[in-house]
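Going by my numbering, the sequence shown opens with residue 98, and the numbers climb by one from there.
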Amino acid sequence: RRNKWDLPKGKIDEGESVRKAAWREVAEGCGISSHIIDEHLCDTYHIYYHKDKWILKKTYWFIMSADEEKLTPQAEEDITKAEWIPIDEIRNVISEETYPMILDILELMISKVRGKPLAPSFGSQSFLGSRLGSPNKDL
């Protein structure tokens, strides 16, 4: 999306659970339906400027699995490419073409999936995940 590798994400609809929103956002963003949520990975926070104020946004991250079905990027959200990437190739494929936070999340996911502790350089099977959030409060 916008010339960067990213993970599916979006907003939680009113009355929707975080897990249900995560599943829906992956379905919409990647055009698949066979995925399941395996486990909650972590939560993160980031800030952004919108309509003359700073917003603090909490993001919920999940590890998901799916049949390796054809992915269809959601063009109306400026997603131009959706691709299955083997876990052993993630670092090589996206390391220079993504946001630092995405690298951190992928490193955490890799360590959890493999059952190994994180390497001190934290931050630098296929994966499908979701990033969700809604503004928590104005700063």
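Each residue gets a CB set at the ideal place from its N, CA and C atoms; glycine is no exception.
Alpha-carbon spacing of residue i relative to residue j, whole angstroms
i: V190; j: L200; result: 11 Å
i: W120; j: L104; result: 13 Å
i: S208; j: E113; result: 30 Å
i: I144; j: Y157; result: 15 Å
i: I109; j: L153; result: 15 Å
i: Q171; j: E125; result: 7 Å
i: K148; j: I176; result: 24 Å
i: E111; j: M198; result: 27 Å
i: S130; j: V115; result: 17 Å
Residue from the options with nearest C-alpha to residue i
i: E173; options: H147, G128 and I184; result: G128
i: W137; options: A179, Y145, K108 and K117; result: It should be noted that the sequence gives His, not Trp, for residue 137. With distances taken between Cα atoms, H137 lies closest to K117.
i: L168; options: E113, K178 and S162; result: K178
i: F159; options: V123, Y146 and Q171; result: V123
i: I184; options: R211, V115 and H147; result: R211
i: A163; options: V115, E111, H132 and M198; result: H132
Beta-carbon spacing of residue i, residue j below 8 Å
i: E165; j: W181; result: yes
i: Y196; j: K101; result: yes
i: S134; j: M161; result: Sequence check: residue 134 is Ile here, not Ser. Contact: yes.
i: K150; j: Y142; result: no
i: L203; j: C139; result: no
One or two residues paired with residue i in a DSSP bridge
i: T195; result: W102
i: Y136; result: The sequence as given places Glu at residue 136; Tyr does not occur at that position. According to DSSP, which records beta bridges pairwise, E136 is partnered with I160.
8 Å Cβ cutoff, residue i in contact with chain D
i: Y196; result: Looking for chain D here will not work: only one protein chain is present.
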